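Enquirer:
2 protein chains.
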Amino acid sequence: MTTMQDVATRAGVSAKTVSRVFNDDPHVTEDTRERVQSAMRELKYVPNMLARTFREGKSAVIGIAVPDVADPFFAAVTKEIELAAREQDMAIVVTSLGDDPSLEQSIIETTVRHQIGGLIIAPISADQSYLARWQDSFPIVFIDRTPSKFNADYFVEDDFGGACEATQHLISHGHTRIAIVGDSTEVPTTRLRLEGYLAALDSAGLKVDKDLVMLGSHDADCAAAACKTLLALPEPPTAIFSSNARFSIGVFPALQTLNRTDIALISYGDFTMADVLRPSVTVIDQDPRHVGRVAAERILARISAPAKRFRRKNILPVNLIERQSCQSSPVLTAPEPGLMTIG
Amino acid sequence: MTTMQDVATRAGVSAKTVSRVFNDDPHVTEDTRERVQSAMRELKYVPNMLARTFREGKSAVIGIAVPDVADPFFAAVTKEIELAAREQDMAIVVTSLGDDPSLEQSIIETTVRHQIGGLIIAPISADQSYLARWQDSFPIVFIDRTPSKFNADYFVEDDFGGACEATQHLISHGHTRIAIVGDSTEVPTTRLRLEGYLAALDSAGLKVDKDLVMLGSHDADCAAAACKTLLALPEPPTAIFSSNARFSIGVFPALQTLNRTDIALISYGDFTMADVLRPSVTVIDQDPRHVGRVAAERILARISAPAKRFRRKNILPVNLIERQSCQSSPVLTAPEPGLMTIG
DNA sequence: AGCAACCATGTCATCGATGACATGAATTTT
DNA sequence: AAAATTCATGTCATCGATGACATGGTTGCT
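Right under this line is the structure:
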């Protein structure tokens, strides 16, 4: 590992002069500059970022913490953040939080040790008050889920609006028994999507059947099981609103297995192949790349202008992509509740 | 940001003693230890990794460079590496190389500036000789693709064997006109898969029709176009071997659009929903999590025991997951070549 | 008692880059 | 010509943690 001192010795100058050449300081003669530059080339000098950023006090690295890097949504977000960060010569440190909320804090603290210059987080727990400690050290931006017990910039999708739109879409196709499959209401995102679902039912004058509200899943398999439970009800739903792409990946195969593709399905969150399945799945698209882009831009802006004021709360629009999975008419395919319970 | 010195002052000792307490040095009295620990708690001391690793000379960070973090295969690999690294208190810096081979070197050099402790790379270019410079600085492990013009540990899938098996699978289902869709043969992986395909054809006594070898795609859309070209041939194939999951994601919809689900399809690389599509897609599974795990373990082993010797070349087995997409019989569904050209 | 061994703790230097300030030479101003 | 200004370059200190070594005190052994 060649250092500035090595280059300096080779070029017959002091380390400081090498530093000046490297940073394009105008106070260097053309002659010296050239000698230093050729010495750098000969020795293949590469600056030690660690030394530089250590001196500056903060790193040229942005921390990203999401529930799961392998989830297509977060993978796309991560990629976009990386591209945006690279434009500013910053690298990204990525961490998966997993699905145990109690581990969130310790995972974040491990990440923070690396003296990150900013943090983008999609939290999984219901309490981020532990972040207060870092509040002044580096900017923090939340994505996908709002912070709890903590104040910070956030960029979230319109969960309420999207869920409402999805439910209305099903209603407009004649469905009245609409189930929702989701994770725990501890997650603000899920709570909002549930509220959107309830609001849509309410404004259409439909009563809520709590048997059709299946919360508490935490992966695709759970969601598949929930789906089977729903269809085994005495009065099964004719449509399912999956509040999460991860769950849709479980629900869809479950419907296939049960041979119940007559059941309408709408997914909050697009997923690979959703448009190629039979039937292709109607979704609420969240545009992960846009989320990544705006989050990265905000972090970078906060880093370069710590004093500047920005809008804290940012709701990103979502849009419904209509495909085939809601086209079936419930009147034709669903068994009549009355007959069902008697027979 | 509280430093060791702050804690030291508060506890009435020297910074060195704080360092000792922090690192569980036994040469500290119980009394002092307690005073220091409570001072650390009061001031919420968090060690500055940057300072520590700067002194050590290398970072507690592993660099990962893959063609695309958002690709499901690499996303899964990345996640597994992260989990393995975290067990050793290491973080990961992730970079997407994109699809322009000429940018590979500069992207890697940017990553290296961060003084990484090790590098895991799935290269996209045909020349990694530029890595020689870092050879002694930190361990380098290749995944998915073998290094070119450079020596390093690598863990690659059995491209030749897998492609051979895939092709044989198609042959055993009666296919004789089998197309291959892939990217450039610049990529060693692709070259090996092509060779496997050719070897299987050869050992079955089948001639190669170069119209059926469609290389040079670089994304799903290209692959879809290649697929359409193939089916428009005077003597179209009855089966397609997609040498890459990324391309399968383009080929499958193309077949659907053309209403040619009678064409058999086998994909090198499993992908989300492949098992739920109609027909579900037979694949060669590469087990990305296993790749990530072994690569991470090797890097960590190399970091902690630089002198130890390991096996350089590692070929990981792949296995064929049979689904529906190869079940159609070519004799029944494919137009007879002879009739076709005449008619 | 006398000396070695051990122990708790402190001091200093170090890692690489760079800001603050110094130095000495050349050039310009009065 | 003397003073002031500009300029190229150098020296030193610094960021936080820690290894090498020092110091002064206590214990143990003969």
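Taken in sequence, the protein lines are chains A and B. Per the UniProt record's numbering, residue 1 is the first one in the first sequence, and the count goes up by one each step. Per the UniProt record's numbering, residue 1 is the first one in the second sequence, and the count goes up by one each step. A virtual CB, placed ideally from N, CA and C, is assigned to each residue, including glycine. Computed from a prediction, not measured in an experiment: that's the story for all the values here.
1. Quick one: does residue 40 of chain B have its CB under 9 Å from some CB of chain A?
2. Check distances from the C-beta atoms of the segment 77–94 of chain A to those of chain B and list, in chain order, the residues that come in under 8 Å.
3. Measuring alpha carbon to alpha carbon, tell me which residue in A:286, A:175 and A:112 is nearest residue 206 of chain A.
4. Which whole-angstrom value is the C-beta distance of residue 249 of chain A and residue 272 of chain B, which I expect to be below 8 Å?
5. Return the residue from the list A:189, A:7 and A:236 that minimises the CA-CA distance to residue 210 of chain A.
6. If we ignore side chains and look at the alpha-carbon of each, how far apart do residue 167 of chain A and residue 318 of chain B end up?
7. What whole-angstrom Cβ distance do residue 199 of chain A and residue 164 of chain A have, given they're in contact under 8 Å?
8. For a contact meaning CB atoms closer than 9 Å, what does residue 133 of chain A contact in chain B?
9. Taking a Cβ distance cut-off of 8 Å, strictly less, list which residues of the segment 276–292 of chain A are near chain B, in chain order.
10. Can you find a CB in chain B that lies within less than 9 Å of the CB of residue 54 of chain A?
11. Does chain A have any CB closer than 9 Å to the CB of residue 225 of chain B?
12. Name, please, each residue of chain B whose Cβ falls closer than 9 Å to the Cβ of residue 252 of chain A.
13. Give the secondary structure of residue 63 of chain B by DSSP, where H, G and I count as helix, E and B as strand, and everything else as coil.
14. Verify the CB distance criterion: does residue 50 of chain A have a CB-CB separation below 9 Å to chain B?
15. Given a limit of 9 Å on CB to CB distance, which residues of the segment 62–74 of chain A reach chain B?
16. In angstroms, rounded to a whole number, what distance separates the CA positions of residue 391 of chain A and residue 86 of chain B?
17. Distance check for residue 31 of chain A and residue 45 of chain A, CA to CA, integer angstroms please.
18. Could you tell me the distance, in whole angstroms, from the CA atom of residue 242 of chain B to the CA atom of residue 144 of chain B?
19. Please list, in chain order, the chain A residues whose beta carbon lies closer than 8 Å to that of residue 115 of chain B.
20. With DSSP as the reference, please indicate the residues paired to residue 214 of chain A in a beta bridge.
21. State buried or exposed for residue 82 of chain A, treating a residue as buried only when at least 16 other CB atoms are found within 10 Å of its CB.
22. With burial defined as no fewer than 16 other Cβ atoms inside 10 Å of the residue's Cβ, what is the status of residue 310 of chain B: buried or exposed?
23. Under 9 Å between the Cβ atoms of residue 154 of chain A and residue 142 of chain A?
24. Can you tell me where the alpha helix (DSSP H) with residue 68 of chain B in it begins and where it stops?
25. Are there three or more Cβ pairs, one per stretch, closer than 8 Å when the segment 34–44 of chain A is compared with the segment 34–48 of chain B?
26. Where do the N-terminal and C-terminal ends of the beta strand (DSSP E) with residue 156 of chain A fall, by residue?
27. Does residue 333 of chain B come out as helix, strand or coil in the three-state DSSP assignment?
28. Alpha carbons only, please: which of A:224, A:112, A:298 and A:70 is nearest the one belonging to residue 180 of chain A?
29. Do the segment 99–108 of chain A and the segment 116–134 of chain A make contact, defined as three or more Cβ pairs closer than 8 Å?
30. For residue 47 of chain B and residue 96 of chain A, what's the separation of their Cα atoms in angstroms?
31. Going by other Cβ atoms of all chains shown within 10 Å of its Cβ, with 16 needed for buried, is residue 159 of chain B buried or exposed?
32. For residue 200 of chain B, name the three-state secondary structure that DSSP assigns.
33. Given this structure, state the Cα-to-Cα distance separating residue 190 of chain A from residue 218 of chain A, to the nearest angstrom.
34. Just verifying my parser: in three-state terms, what is the DSSP assignment at residue 122 of chain A?
35. When the Cα of residue 302 of chain B is compared with those of B:323, B:232 and B:117, which residue comes out closest?
36. In chain A, which residues lie with their C-beta within 8 Å of the C-beta of residue 112 of chain B?
Expert: According to the data block:
1. no
2. 78, 79, 82, 83, 86, 89, 91, 92, 93 and 94
3. Checked all of A:286, A:175 and A:112; the closest Cα to residue 206 of chain A is A:175.
4. 7 Å
5. A:236
6. 43 Å
7. 5 Å
8. 44 and 46
9. Per Cβ criterion, the list reads 276, 277 and 278.
10. Closer than 9 Å to some Cβ of chain B, the Cβ of residue 54 of chain A qualifies, so yes.
11. no
12. Neighbours of residue 252 of chain A on chain B, chain order: 273 and 276.
13. strand
14. yes
15. Against chain B - using a Cβ distance shorter than 9 Å - the residues of the segment 62–74 of chain A are 63, 64, 68, 69, 70, 71, 72 and 74.
16. Absent from the model: residue 391 of chain A. The displayed extent of chain A is 1 to 343, so no value can be given.
17. 19 Å
18. 17 Å
19. 48, 49 and 50
20. A:181
21. Burial check for residue 82 of chain A: the Cβ neighbour count within 10 Å reaches 16 or more, so the residue is buried.
22. exposed
23. yes
24. Where residue 68 of chain B is concerned, there is no enclosing alpha helix (DSSP H), given that its DSSP letter is neither H nor E.
25. no
26. 153–157
27. Residue confidence is low: residue 333 of chain B scores 44 on pLDDT, short of 50, so the model does not pin down where it sits. Its coordinate-derived value is still stated next. In this structure, residue 333 of chain B counts as helix in the three-state DSSP scheme.
28. Considering only alpha carbons, the answer is A:224.
29. yes
30. 22 Å
31. buried
32. Three-state DSSP puts residue 200 of chain B in a helix.
33. 12 Å
34. Residue 122 of chain A: coil per DSSP, three-state reduction.
35. B:117
36. 46
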